[in-house]
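Adding 4 to a residue's 1-based position in the sequence shown gives its number in the working numbering.
No residue lacks a Cβ here, since even glycine has one placed at the ideal position from N, Cα and C.
Right, one structure below, let's go through it.
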Amino acid sequence: MTELYIDEPCVVSFCIFEIGWFLQRWQGRLRFLKREKYQDRKFVLFMNPHLHPFVNDFVAYTIDLPDWFKELKLETDCYESPPIGSPPGSLTPPDIYAKLIQSIRQFYNRDKAIEIWPPRGCNYIVENKEQVFSRYGTNESVTSDRPIICVFPRGRTRAADRNVPEFVWRELVDKLKETFFVVLGGTPGGSFLVDYKSEHVLNLIKYNEEDKTDKIIMFLSHAVCSISSQSGPTHISLLCGCPSHVIGHEMKRHAKDENRFNTPTSFRYVTDYRAIDADTIISDISLFIKRLLEIDSTLSHGRDTVYTTLRPALRSLIGKPELVGAEIGVFTGRNSESMLNSLDIKKLYLIDPYRDNVAGFTKEETIDTIKIEAHNRLDKYSDKTVWIQKKSEDAVSDIKEDLDFVYIDGNHRYEYVKKDIEFYAAKVKDGGLVAGHDFDTENDGN
Numbered sequence: 005m006t007e008l009y010i011d012e013p014c015v016v017s018f019c020i021f022e023i024g025w026f027l028q029r030w031q032g033r034l035r036f037l038k039r040e041k042y043q044d045r046k047f048v049l050f051m052n053p054h055l056h057p058f059v060n061d062f063v064a065y066t067i068d069l070p071d072w073f074k075e076l077k078l079e080t081d082c083y084e085s086p087p088i089g090s091p092p093g094s095l096t097p098p099d100i101y102a103k104l105i106q107s108i109r110q111f112y113n114r115d116k117a118i119e120i121w122p123p124r125g126c127n128y129i130v131e132n133k134e135q136v137f138s139r140y141g142t143n144e145s146v147t148s149d150r151p152i153i154c155v156f157p158r159g160r161t162r163a164a165d166r167n168v169p170e171f172v173w174r175e176l177v178d179k180l181k182e183t184f185f186v187v188l189g190g191t192p193g194g195s196f197l198v199d200y201k202s203e204h205v206l207n208l209i210k211y212n213e214e215d216k217t218d219k220i221i222m223f224l225s226h227a228v229c230s231i232s233s234q235s236g237p238t239h240i241s242l243l244c245g246c247p248s249h250v251i252g253h254e255m256k257r258h259a260k261d262e263n264r265f266n267t268p269t270s271f272r273y274v275t276d277y278r279a280i281d282a283d284t285i286i287s288d289i290s291l292f293i294k295r296l297l298e299i300d301s302t303l304s305h306g307r308d309t310v311y312t313t314l315r316p317a318l319r320s321l322i323g324k325p326e327l328v329g330a331e332i333g334v335f336t337g338r339n340s341e342s343m344l345n346s347l348d349i350k351k352l353y354l355i356d357p358y359r360d361n362v363a364g365f366t367k368e369e370t371i372d373t374i375k376i377e378a379h380n381r382l383d384k385y386s387d388k389t390v391w392i393q394k395k396s397e398d399a400v401s402d403i404k405e406d407l408d409f410v411y412i413d414g415n416h417r418y419e420y421v422k423k424d425i426e427f428y429a430a431k432v433k434d435g436g437l438v439a440g441h442d443f444d445t446e447n448d449g450n
């Protein structure tokens with residue numbers, strides 16, 4: 005009997021595969037099952053405990069894999085954990101797989117447990133099943149006199165032909181640190197620049213404390229962008245909502261199919277990873293950041309500096325006095341803060357229900373974090389803001405005056421955007437502005 009023994013109804017699973025596969029094709033499925041099918045059972049997940057922040061919203065127990073399993077030093081940057089040097093597509097040897105399950109079962113009462121093992125190998129079955137994804141973030145602030153950029157210099161033994169050369173990563177960081185505060189992330193066994201040290205560079209690659217993942221999430225939450233080459237941290241960056249520059253050969257996969265929150269991405273397609281150079285990456289990043297600033301004036305991601313560039317649709321309001329407006333969909337408050345800093349605002353109605361979105365991607369814990377971040381950012385403007393924590397269709401009756409403008413960035417589905425326009429255009433004065441950010445394009449015929 006182990007020191008920890010779970011003698012209550014539970015759901016048990018494990019992870020012995022690469023982090024990108026886990027983030028995109030397993031943890032979302034488990035989260036869905038917790039929310040929709042097994043609400044009253046505790047979830048138990050056997051995995052690297054460093055990964056707990058990705059599942060702490062629904063997993064009660066994260067238990068490390070057995071020592072004997074780790075001592076085998078299997079290749080974990082795959083669909084499973086085959087022996088090092090195994091050909092592509094190899095599975096964990098059956099005797100090891102069976103022994104792992106036997107070891108896991110010592111921790112709980114099988115009569116009270118539901119065991120849900122991950123699909124074996126390169127299996128896309130979960131793509132056709134419901135998943136729920138959580139956007140990762142932090143309430144912690146980061147103090148930096150420079151914009152932050154996160155770099156993940158993948159350098160793994162397996163599929164080495166997909167590594168950007170180490171000298172390119174080194175030259176890139178040498179150039180970036182002249183302007184940015186650079187955070188290096190990854191694992192010692194799967195990264196280049198493990199021992200890189202310099203002023204304006206924080207190297208977390210060899211950092212091995214239990215809060216490593218929390219630190220990566222924290223810096224991604226405050227970074228202007230990340231740079232990676234189709235690795236696990238690419239998926240972390242996308243799920244953190246950090247604008248992501250990706251070097252690779254699968255653009256549709258990373259920019260669309262597995263970009264669960266429509267995170268801004270810049271993709272440099274390469275047929276040979278050795279054919280990229282630092283100057284090209286710098287050029288790509290410069291253009292990416294410029295375009296991001298044209299779209300979103302608050303690219304600073306939590307830094308004290310707020311860029312003065314307004315979203316394009318709002319620029320026509322510059323110079324107009326004592327504006328009364330409304331924003332539908334405040335989220336973290338970045339666009340609201342930009343308007344309050346850049347326009348002559350007399351009153352701004354801030355409309356957001358702060359509830360799970362219709363796609364079910366955001367957990368309540370994440371919604372609470374987002375709401376707190378918005379209030380931390382906007383409460384200093386309390387003399388000119390009015391919060392309405394309701395759905396937009398219910399909030400319209402709370403606005404008793406005509407508006408100079410309304411900015412729509414709430415529910416992105418066609419029927420909801422249409423409804424917001426219908427409700428709020430009638431509230432806007434003649435000659436006023438009805439504008440918005442973006443919308444869901446997956447509505448045929450609309």
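If the five residues before and after V274 are omitted, its C-beta is found closer than 8 Å to the C-beta atoms of I251, G252, H253, I280, all from its own chain and listed in chain order. Take T66, set aside five residues on each side of it, and the residues of its chain with a beta-carbon closer than 6 Å to its own are L49, P53, H56, in chain order.
Buried is the label assigned to F47, since at least 16 other Cβ atoms lie within 10 Å of its Cβ.
If the five residues before and after G236 are omitted, its C-beta is found closer than 7 Å to the C-beta atoms of E22, I23, G24, all from its own chain and listed in chain order. In this structure, A64 is the residue among A64, K350, S386 with its C-alpha nearest to the C-alpha of P13. In its chain, beyond the 5 residues on either side, no residue has a beta carbon closer than 6 Å to the beta carbon of K294.
Comparing C-alpha distances from W30 to each of Y9, K41, L69, Y83 shows the shortest one belongs to Y83. By the 16-neighbour rule on beta-carbons within 10 angstroms, L69 is buried. For I425, the enclosing alpha helix (DSSP H) has its first and last residue at 418 to 429.
The continuous alpha helix (DSSP H) containing C244 extends over residues 236 to 244. In the three-state reduction of the DSSP assignment, A439 falls in the strand class. Runs of the beta strand (DSSP E) lying entirely within the region 127 to 158, each at least 3 residues long, are 152 to 155 in chain order. For the region 216 to 299, the continuous beta strand (DSSP E) assignments of 3+ residues that do not extend past its boundaries occur at 227 to 232, 248 to 252, 269 to 273, in sequence order. As far as DSSP is concerned, A399 takes part in no beta bridge. Under the 10 Å beta carbon count, P92 is surrounded by fewer than 16 other beta carbons and is classified as exposed. If the five residues before and after F26 are omitted, its C-beta is found closer than 6 Å to the C-beta atoms of C19, all from its own chain and listed in chain order. In this structure, the straight-line span from the alpha carbon of R338 to that of A378 is close to 8 Å.
Scanning its chain for C-beta atoms nearer than 8 Å, with the 5 sequence neighbours on each side dropped, one finds around S232 the residues V155, F156, R158, T238, S241, S248, H249, V250, I251, in chain order. Contact annotation, E182 with Q28: C-beta distance approximately 35 Å; criterion of less than 8 Å not satisfied.
With 16 or more other CB atoms across the displayed protein chains lying within 10 angstroms of its CB, T373 is buried.
Restricting attention to K201, A102, S202, N207, the CA atom closest to the CA of G190 is found in N207. When DSSP reads this structure, A117 sits in a beta bridge with C14. Residue state for S195 is assigned as strand, using DSSP reduced to three classes.
As computed with DSSP, K351 is found in a beta bridge with V328.
Classified as buried, G333 has 16 or more neighbouring CB atoms from the shown chains inside 10 Å of its CB. If you draw a straight line from the Cα of V205 to the Cα of R166, it comes to about 25 Å.
Y211 carries a coil assignment under DSSP once its states are collapsed to helix, strand and coil. Here G245 has R139, F265, T267 as same chain residues with Cβ atoms under 7 Å from its own Cβ, once five neighbours each way along the sequence are excluded. When DSSP reads this structure, W391 sits in a beta bridge with L354. For I108, there is no enclosing beta strand (DSSP E); the residue is part of the alpha helix (DSSP H) that begins and ends at 98 to 108.
The beta-carbon separation of L291 and S340, rounded to 27 Å, does not stay under the 8 Å limit for a contact.
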